[in-house]
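Numbered by numbering that gives the first Met the number 0, the letters in the sequence shown go through residues 0 to 320 in order. The C-beta atom is built at its ideal place from N, Cα and C for all residues, glycine as well. Here is the structure we will look at.
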Amino acid sequence: MPSLTRTRLASRLPIAAAALVAGALAAVSAQAQTVAIGTTQGGATNQLAIAIANAVSEDGAVQMRPQIMANTSQYIPLVNAGQIEFGVANYPQTWYAIEGTGMSTEPNPNLVMVANLFPFKAGIVTPESAGIQTFADVKGKGVPRFPDNSLGEFVIRMALAAGGLTYADVTEVPVANFPRMYEALKAGQTVISISAVGARPAYDLEASLGDIQFLSMTEENLPGMKDLMPGIFLFPLEASEEIPGLDEPATIFAYNYLLWANKDVADDVVSAVVKSIYNHATALKESSPMWNEFDPALLCKNVELEFHPGALAACEELGIL
């Protein structure tokens, strides 16, 4: 006669086997839901992509892995081709990428929006010692000249246009990237630089040059600015003793950062990603000051671009559509 212990063990074997099978199926399911998000090496885009990937992966329904590349122009076509599922970029870059104009040489029609994230605030700073009060005062002075069709080139062109100027009215100083732009300003080769509000490079500039100040843009400038940077808007800032560039109040520009995907990514995957971002709003805000203006109620709003149906379904379910 079998012992009671063996009987109990035997009775539990089918249950244990079922649990193992269920676990194996769950593992396969989890593997099937692993996706990639394209991002850049360092900078704001990298920070926000990692924060999103962490929030999404923590919920477990989808595992998101950052795919780091040199710049957005490298992963945009990969998302368009379906080789990477998701990507992040600012509104102007995304708009041009879809249209295939401006900053992009080829259209990327398979990109659709997943989430409107937050406004990224930036502007043009100048050393107070340079005596530059308006954009028109830059005439005849040294100005950074980025490679054609880069984000930096479009921002500088926009700044010059705010003063009624073009590159023909200034001395061009070639810069390959943003770090080189900062060095050119420190070296006195230029009188202006692009700067994000509260970003580390702004503190470095002020440490090297003394006080810096954001130059103000006006509503009168806005139509011409939008011609170069679709989706841009003005953002007034109060004076601050803590933030470089704000010894005086200034009106700078801002554009939304966007999360997007290939249109063929499964609806349930996109929906899970949107819900994770919504549910982890507090953690995202704690990850970086960049997220201070993040409003989860606006995930599917304020973007005049096509949204993925999975994103719209999630926003409707969350009551924020």
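Within a Cβ cutoff of 7 Å, which residues of the same chain sit near residue i, ignoring the five residues on either side of it in sequence?
i: Lys140; result: Val169, Thr170, Val190
i: Tyr74; result: Gly37, Gln66, Met68, Ile83, Gly86
i: Arg156; result: Leu227
i: Gly197; result: Ile242, Pro288
i: Leu298; result: Ala114, Asn115, Val273, Ile276, Tyr277, Cys314, Ile319
Do you know offhand how far residue i's Cα is from residue j's?
i: Ala326; j: Met63; result: Past the boundaries of the shown model lies residue 326; the chain is included only from 0 to 320, so the question cannot be answered.
i: Gly162; j: Pro178; result: 25 Å
i: Tyr90; j: Val264; result: 21 Å
i: Asp266; j: Thr125; result: 47 Å
i: Ala195; j: Lys120; result: 6 Å
i: Ser239; j: Ala249; result: 10 Å
i: Ser215; j: Thr33; result: 45 Å
i: Asp136; j: Asn176; result: 24 Å
i: Gly81; j: Asn261; result: 6 Å
i: Ala167; j: Leu317; result: 51 Å
i: Ser28; j: Glu182; result: With a pLDDT of 40 at Ser28, under the threshold of 50, the predicted position of this residue should be treated as unreliable, though the coordinate-derived value follows. Straight-line Cα distance between these residues: approximately 49 Å.
i: Met112; j: Asn255; result: 12 Å
i: Leu323; j: Asp58; result: Coverage of the chain is limited to positions 0 through 320, which leaves residue 323 absent and any answer about it impossible.
i: Asp147; j: Asn107; result: 19 Å
i: Met180; j: Gln188; result: 10 Å
i: Glu247; j: Ala60; result: 47 Å
i: Ile131; j: Val142; result: 12 Å
i: Ile97; j: Ser149; result: 16 Å
i: Ser286; j: Glu218; result: 33 Å
i: Ala310; j: Leu257; result: 13 Å
i: Trp395; j: Thr133; result: Only positions 0 to 320 of the chain appear in the structure, and residue 395 is not among them; the question remains open.
i: Phe306; j: Val268; result: 14 Å
i: Ser56; j: Thr281; result: 16 Å
Given a cut-off of 8 Å on the beta-carbon distance, is the pair residue i and residue j in contact?
i: Leu245; j: Leu233; result: no
i: Val78; j: Leu110; result: yes
i: Glu127; j: Asp203; result: no
i: Ile123; j: Gly151; result: no
i: Pro173; j: Arg144; result: yes
i: Ser270; j: Ala312; result: yes
Quick one: residues in its chain with C-beta nearer than 8 Å to the C-beta of residue i, no 5 flanking neighbours on either side, listed in chain order?
i: Ala186; result: none
i: Lys138; result: Gly162, Leu164, Asp168, Val169
i: Met224; result: Met157, Ala160, Ala161, Met216, Ile231, Phe252
i: Leu283; result: Ala50, Ile51, Ala54, Ile276, Trp290, Phe293
i: Leu208; result: Pro126, Ser128, Leu184, Lys185
i: Phe153; result: Pro91, Gly101, Met102, Leu227, Met228
i: Pro76; result: Glu105, Asn107
Using the beta-carbon count (16 or more within 10 Å), is residue i buried or exposed?
i: Gln40; result: exposed
i: Glu205; result: buried
i: Thr44; result: buried
i: Lys274; result: buried
i: Ala35; result: buried
i: Gln212; result: buried
i: Ala114; result: buried
i: Arg11; result: The predicted position of Arg11 is uncertain, since its pLDDT is 42 and thus under 50; a value taken from the coordinates is nonetheless stated next. Exposed, because fewer than 16 other Cβ atoms sit within 10 Å of the Cβ of Arg11.
i: Ala296; result: exposed
i: Gly99; result: exposed
i: Asn220; result: buried
i: Ala50; result: buried
i: Thr222; result: For the record, residue 222 in the displayed sequence is Pro; it is not Thr. By the neighbour-count rule (16 or more Cβ atoms within 10 Å), Pro222 is not buried but exposed.
i: Asn301; result: exposed
Quick one: residues in its chain with C-beta nearer than 6 Å to the C-beta of residue i, no 5 flanking neighbours on either side, listed in chain order?
i: Thr71; result: Ala88, Gln92
i: His279; result: Ala54
i: Pro308; result: Asp266
i: Leu304; result: Met112
i: Pro118; result: Ala253, Asn255, Glu292
i: Pro229; result: Pro91, Trp94
Give me whichever residues DSSP pairs with residue i in a beta bridge.
i: Trp290; result: Answer is none; Trp290 lacks a bridge partner.
i: Ser192; result: Val124
i: Trp259; result: Gly86, Met112
i: Val34; result: Met63
i: Glu171; result: Val142
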